[in-house]
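Note sheet for the following structure.
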């Protein structure tokens, strides 16, 4: 049972009683699955003692947290803009924390209504987007901190942005000004970014060794920008630590990560390959986007742990309630039964907006008067879930008593731990991403990087073959 | 062949030559499919003459365009904020036009750098989000226009927001002030919102009869907010008209909507049920979100056109290049072969940002110097597409010579016409959404609306059954 302030997963609506025999799981089936999972949970806990699964230990890394807080203390005064240059695991967590724990229109609010600088996470190399950011920063470069995040420093997107900003700052503020406005989060020992830190004198924070990008939000990668913007990162870590402890128990029915992994794995095997995360809260929408990387990149693999061919991979999908009721629910209810739904529900919103009574309101809308938006949003969640179960679509709900740093920390650790366990159930390595390299190599070829001449020739042939022949 | 300034679809990388025999289509297969499609195209054109598929005629509705422009002319002076209250088809198009045709940080730019008021599209009833908007608007209510968009006026989300704003304005500005700040886009003849327009004296614009919400962006629904923010809506309509003409030809290989529908249908039948739209441009990302509603709600059905059971429905997915290379491409390349990829590529960006040369750049990054972000982004697109074809994943590309109102108008009409044709190939009605009603009815039940007492009882039983029993 969860502590009162904790996340709770409700899974009654995946059972046959709720969604029928064809699409439901039986209580007996759940029980059988728990025996297998028990072994995986134990194995993970054994491996942790040998230094594996190091993301689980991040909440206990007090030295790292101190270093991040010290950097924040140094950087916050006079800082009006914080720009994160990072992509993938060096951006999605930062964005998710900001959306979850600061107001939606934070960047538009006046300085006194904000707890920190405006935040811009630039996780792409779109020239229109990046050029527009440089316009908006305009004369405020001296009040802007650029946080470059890259383990190696060789990620083409982040490196390009870094080179542009470095040149701009050096031209506008001189080499001392350049060093002052940049903070690099990178490998503490080696790599291209580390060499730049040493040659050019930037302040730096460590990307933790042994933690992959998509598992790194609870390190300096995600914490610096969050803390700069006034998010309580100690509470975040406390929530994560609490969830990590809950996820260590081999009593599977009490282990939230194990329960999640078990149910989603069971449905994957039964052909429900789309796992739709459906938050009923604007604040949680980018956590669903963060989950999208975690689940896809960890579990989409074509070789098993012994290197044998085995193509697997659930497709994570993010939706948003109530908005996507008016976009996706028609498909979700009447289309193929190839999905599992993971609702996120908030018991108590930080604020609510009442729908006032007023004369002249048409009779057809009277039922709304006196209610509140929060009540309506939660009613829509229950109604949509019920309608989905009537279409025999299995539904889970993760309940947030409130949204705060503590519960968000729990949520992050819950999904990271569930990802590891689901990877073990699927008999794959959840920590690698071998298929990403080929696209990078061909990009190097196209961009003329030394050593990629063969790729340059291959892709030149490909590009010319594709051009124009079959087009309309 | 496309006119020089038009969109072009390249589909060479769905053929066996590019992605192999198992996952590719043969030229002969394409040719056979065209015979069937020819009949559907002809049928659609016949039905248009009988008044069906009316979204196709919106670009020719000069009276509507004049009315929208006149409303914009009246409303623009002194307007600092435009708030759209709408959801689903009354919001996704508005958002997509704004993202495509105004700068990403538009709302943060100074008034003189913008062509119109700040724009806020409120397509949800999240109390934290809505409350924060009211804070930010604060003392500027007199400079704020609220555009309420709902065909019936009974959509619970939009109606709630409307009631809140109406009460606020009446209290702060009096009943005259209230009427002055609101513009209602609704059914020209009947319905709850129409009755409010007449009783309370709001200005209004028409939701066009016979055009469903998800096909309505090229009407007053989408045009008013776009025009208010300085988007050239005449050019948008001209682009749409041009594409509508291209999509009328029964020479299928010259009809872009028919080619799209044919290929996506062929892959759906062959088990590739996820249709991933993958723009390599920040500006196009919300058009991919708009497509998500259009494709899902139109094609996800459990009855065919004769009312016989037939469960179908591709799941549209939106991704974003280059960002999602670092999130989804591992799954896309190594996971199950259940996806088709629809890239959006921009030949010439409106601006580019050069990566300057500077001394001290590490050798490993030298290859980037002298290039530009636009060049890099397009190189990554080609590299990713090539890597996907090496995994035998079929890829289409829709090329934008540039992003402007003309090509965006083309894009919208292209997908609307393709949706109709794909619906015909799947033998379903692309214009209804019967499964959405049940969730609405249960929401009414939970909210205590008169006439929904039975639903209230049913859902009370459901909610209590779900509570707590299976949870962790």
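Residue numbers (the numbering used here), protein chains in the order written: chain L, 1 to 472; chain B, 1001 to 1472. Cβ atoms here follow ideal geometry from the backbone N, Cα and C, with glycine treated the same way. No experiment lies behind these values; they were computed from the predicted model shown.
Exercise for the section: Could you pull out every residue in the same chain whose Cβ sits closer than 7 Å to the Cβ of residue 170(L), ignoring the five residues on either side in sequence? Expected result: 178
Exercise for the section: Quick one: residues in its chain with C-beta nearer than 6 Å to the C-beta of residue 1216(B), no 5 flanking neighbours on either side, listed in chain order? Expected result: 1089
Handout entry: Three-state secondary structure assigned by DSSP to residue 1115(B)
Key = coil
Practice task
Would you list, in sequence order, the uninterrupted beta strand (DSSP E) runs of no fewer than 3 residues that lie entirely inside the segment 1364-1407 of chain B?
Solution key: 1395-1400
Practice task
Check whether the Cβ atoms of residue 408(L) and residue 100(L) sit closer than 8 Å, and answer yes or no.
Solution key: yes
Problem - Proximal residues, the segment 442-461 of chain L versus chain B, C-beta separation under 9 Å - result: Of all residues in the segment 442-461 of chain L, 442, 443, 444, 445, 446, 447, 448, 449, 450, 452, 455, 458, 459 have a Cβ within less than 9 Å of some Cβ in chain B.
Practice task
Flag this pair as touching only if the segment 256-269 of chain L and the segment 317-326 of chain L have three or more C-beta atom pairs under 8 Å; answer yes or no.
Solution key: Proximity of the segment 256-269 of chain L to the segment 317-326 of chain L falls short of the contact definition, fewer than three beta-carbon pairs being nearer than 8 Å.
Exercise for the section: Please work out which residues of its chain come closer than 8 Å, Cβ to Cβ, to residue 1458(B), disregarding the five sequence neighbours upstream and downstream, and give them in chain order. Expected result: 1442, 1445
Practice task
Pull up the distance between the alpha-carbon of residue 1201(B) and that of residue 1225(B), whole angstroms please.
Solution key: 21 Å
Exercise for the section: Report the residues of the segment 1309-1333 of chain B with a CB closer than 9 Å to any CB of chain L, ordered along the chain. Expected result: 1311, 1312, 1313, 1314, 1315, 1316, 1317, 1320, 1321, 1322, 1323, 1324, 1325, 1326, 1327, 1328, 1329, 1330, 1331, 1332, 1333
Practice task
Could you tell me whether any Cβ in chain B is nearer than 8 Å to the Cβ of residue 407(L)?
Solution key: no
Practice task
Would you please verify whether the beta carbon of residue 178(L) is less than 8 Å from any beta carbon of chain B?
Solution key: no
Exercise for the section: Sort 189(L), 156(L), 222(L) by Cα distance to residue 119(L) and report the nearest one. Expected result: 222(L)
Exercise for the section: Would you be able to state if there are at least three C-beta pairs under 8 Å between the segment 106-113 of chain L and the segment 39-48 of chain L? Expected result: no
Practice task
Could you name the residues of the same chain whose beta carbon sits closer than 7 Å to that of residue 146(L), not counting the 5 residues immediately before and after it, in chain order?
Solution key: 83, 85, 165, 181, 182
Handout entry: Integer Cβ distance of residue 81(L) from residue 137(L), believed to fall under 8 Å
Key = 6 Å
Problem - Beta-carbon spacing of residue 1104(B), residue 132(L) below 8 Å - result: yes
Exercise for the section: List the residues of chain B whose Cβ lies closer than 7 Å to the Cβ of residue 347(L), in chain order. Expected result: By Cβ distance, chain B contributes nothing, its closest Cβ being about 12 Å from residue 347(L), past 7 Å.
Handout entry: DSSP-derived helix/strand/coil call for residue 1330(B)
Key = helix
Exercise for the section: Within its chain, find whatever has a CB closer than 7 Å to the CB of residue 1309(B); leave out the 5 residues flanking it on each side and keep chain order. Expected result: 1302, 1303
Handout entry: Rounded C-alpha distance that separates residue 1424(B) from residue 1043(B)
Key = 10 Å
Exercise for the section: Pick out whichever of 395(L), 70(L), 469(L), 60(L) has its Cα sitting closest to the Cα of residue 260(L). Expected result: Of 395(L), 70(L), 469(L), 60(L), the residue nearest in Cα terms is 395(L).
Practice task
Say whether chain B places a C-beta atom closer than 8 Å to the C-beta of residue 367(L).
Solution key: yes
Exercise for the section: Please classify residue 1077(B): is it buried, with 16 or more other beta-carbons within 10 angstroms of its beta-carbon, or exposed? Expected result: With fewer than 16 other CB atoms across the displayed protein chains lying within 10 angstroms of its CB, residue 1077(B) is exposed.
Handout entry: Reduced DSSP category for residue 1019(B) - H, G, I as helix; E, B as strand; rest coil
Key = helix
Problem - Cβ-based contacts, 9 Å cut-off: residues of the segment 1352-1376 of chain B near chain L - result: 1352, 1353, 1354, 1355, 1356, 1357, 1358, 1360, 1361, 1362, 1363, 1364, 1365, 1366, 1367, 1368, 1369, 1371, 1372, 1373, 1374, 1375, 1376
Exercise for the section: Reducing DSSP to helix, strand and coil, say where residue 256(L) ends up. Expected result: Looking at residue 256(L) - three-state DSSP - the assignment turns out to be helix.
Problem - Cβ of residue 297(L) within 8 Å of any chain B Cβ - result: yes
Exercise for the section: State the Cα-Cα distance for the pair residue 1292(B) and residue 1262(B), rounded to the nearest angstrom. Expected result: 18 Å
Exercise for the section: Would you mind telling me which residues of chain L sit closer than 9 Å to residue 1142(B), beta carbon to beta carbon, in chain order? Expected result: None at all; the shortest Cβ gap to chain L is about 19 Å.
Practice task
Rank 1427(B), 1173(B), 1114(B) by C-alpha distance to the C-alpha of residue 1306(B) and give the top, closest one.
Solution key: 1427(B)
Exercise for the section: Compare the C-beta of residue 1080(B) with all C-beta atoms of chain L and state if any pair is closer than 8 Å. Expected result: no
Problem - Under 7 Å by beta carbon: chain B residues contacting residue 301(L) - result: 1334
Exercise for the section: Check whether the Cβ of residue 12(L) lies closer than 8 Å to any Cβ atom in chain B. Expected result: For residue 12(L), the answer is yes, since a Cβ of chain B falls inside 8 Å of its Cβ.
Practice task
Please check the pair residue 1041(B) and residue 1258(B), which I expect to be a contact at CB under 8 Å, by giving their CB distance rounded to whole angstroms.
Solution key: That belief holds up - the Cβ atoms of residue 1041(B) and residue 1258(B) are roughly 6 Å apart, short of 8 Å.
Practice task
Excluding the 5 residues preceding and the 5 following residue 1002(B) in the sequence, name in chain order all residues of the same chain whose CB lies nearer than 7 Å to its CB.
Solution key: For residue 1002(B), the predicted model reports a pLDDT of 44, less than 50, meaning its position is unreliable; a value from the coordinates is still stated below. Excluding sequence neighbours, residue 1002(B) sits near 1008.
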